[in-house]
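Below is one structure; the comments refer to it alone.
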Amino acid sequence: MQHPKARIVFIILAILAAIPGITAPMALTAGILFGLVTGNPFSQTTNSLSKRLLQLSVIGLGFGIDLPTVLKTGSHAFIYTAISISLTMLLGMSLRRLLATPPRLAMLISFGTAICGGSAIAAMAPVLEAEPEETGMALATVFTLNALGLVLFPPLGHLLGMTEPQFGIWAALAIHDTSSVVGATAAFGATALAIGTTVKLARALWILPCAFGTALIRRCDAQAPFPYFIIGFLAAAATRSFLPITALPLLNLLATVARQSLVVTLLLIGAGLTRAVIAKTGAKPLILAILIWIVVATASAAAILSGWIR
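For the sequence shown, the working numbering begins at 354 and goes up steadily by one.
Here it is, written out as structure tokens:
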């Protein structure tokens with residue numbers, strides 16, 4: 354494809370990504386394929402734009418979250434969710450040294466595996482000041498394993514003889530994104546769906562404290578700016594929690610716009626994954642993600658089946 358045509362195609366893809374109904378995995382896949390086939394004709398522009406758009410999208414997502422409801426829903430799963438996240442992050446950082454994976458990329462993959470897949474990576478990327486290609490690599494890796502989890506977990510749950518409550522907890526602890534947790538547990542049964550969704554909400558709730566804690570630690574480095582977008586997210590969520598019910602349609606609209614903005618951002622990030630970037634990074638990020646996932650899935654299944662997690 355000639356360079357001018359590549360520019361036109363990329364602009365068309367960006368416009369399409371803004372249309373409701375186009376999902377994050379679809380946009381990320383389209384961006385990656387475009388970057389691999391043609392390269393990114395607007396690399397400097399998209400690198401800068403994707404970082405700003407990612408922060409604004411995360412802020413906007415706060416308008417769709419009612420903090421009191423989420424806190425109440427996830428309170429019962431607090432302890433083992435905290436333990437799971439802590440051990441996953443510790444495992445990821447340990448394996449990073451073994452595989453010599455770049456620190457920021459390893460942190461993004463570990464954070465996405467530990468908490469909430471793409472949403473967690475999107476929140477952590479600005480805090481770590483990750484490069485767009487690092488964010489894209491982490492997202493692509495997690496989305497790939499997330500799709501596998503949706504397909505593999507229900508038959509594995511039956512093979513292990515899990516009850517619906519057991520499977521709901523397992524899926525919520527070991528599958529990355531909420532959408533795939535919902536899909537896998539719905540295929541297993543109504544009780545599994547209810548429990549899996551509840552525990553998953555508890556996991557997702559840890560995005561902000563982990564991102565905020567990381568930001569405070571990085572403040573020891575004078576070069577690390579404070580991530581004000583986290584304050585923006587909290588302000589947006591507080592706005593939804595305290596405004597009257599008549600404001601909900603507007604807040605839901607803002608959250609919807611933010612979700613679609615995040616889809617466009619993922620297209621821009623995906624386009625940064627050119628063949629040169631992947632060749633430079635190698636297979637280590639995927640190996641790291643697979644190893645973390647296998648350990649987390651195996652350990653959580655064993656803890657559930659043995660009765661340590663109820």
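Note that CB positions come from ideal geometry on N, CA and C, so glycine has one too.
- Using a Cβ distance threshold of 8 Å, LEU366 and PHE395 do not count as a contacting pair.
- A direct Cα-to-Cα measurement between ALA568 and PRO562 gives close to 10 Å.
- With a contact defined as Cβ atoms closer than 8 Å, LEU526 and SER437 qualify at about 5 Å.
- Sixteen is the threshold: when 16 or more other Cβ atoms of the shown chains lie within 10 Å of the Cβ of THR441, as they do, the residue is buried.
- Short of 6 Å from the beta carbon of ALA467, and not among the five residues preceding or following it, lie these beta carbons of its own chain, in chain order: ILE438, THR441, MET442.
- Here ALA475 really is in contact with LEU407; their C-beta atoms are around 6 Å apart, less than 8 Å.
- Taking one beta carbon from each stretch, the region 487–496 and the region 632–647 have 3 or more pairs nearer than 8 Å; the two touch.
- Secondary structure at PHE395: coil, using DSSP grouped into helix, strand and coil.
- The beta carbon of LEU546 sits closer than 8 Å to the beta carbons of GLY521, VAL535, THR538, ALA539 from its chain, once the five residues preceding and following it are set aside; these are given in chain order.
- No Cβ-Cβ contact shorter than 8 Å links ILE385 with VAL616.
- Below 8 Å, enough C-beta pairs join the region 621–630 and the region 390–404 to call them touching: three or more.
- THR618 sits away from ASN393, with the two beta carbons spaced by 8 Å or more.
- For LEU448, same chain residues with a beta-carbon under 7 Å away, outside a window of 5 residues either side, are LEU641, LEU644, ILE645 in chain order.
- Taking a C-beta distance under 8 Å as the contact criterion, PRO507 and THR544 do not qualify as a contact pair.
- GLY445 and ALA459 do touch by the CB rule: their CB atoms are close to 6 Å apart, below 8 Å.
- Beyond the five residues adjoining it in sequence on each side, SER463 comes within less than 7 Å, by CB distance, of THR441, MET442, GLY445, MET446, ILE645 in the same chain, given in chain order.
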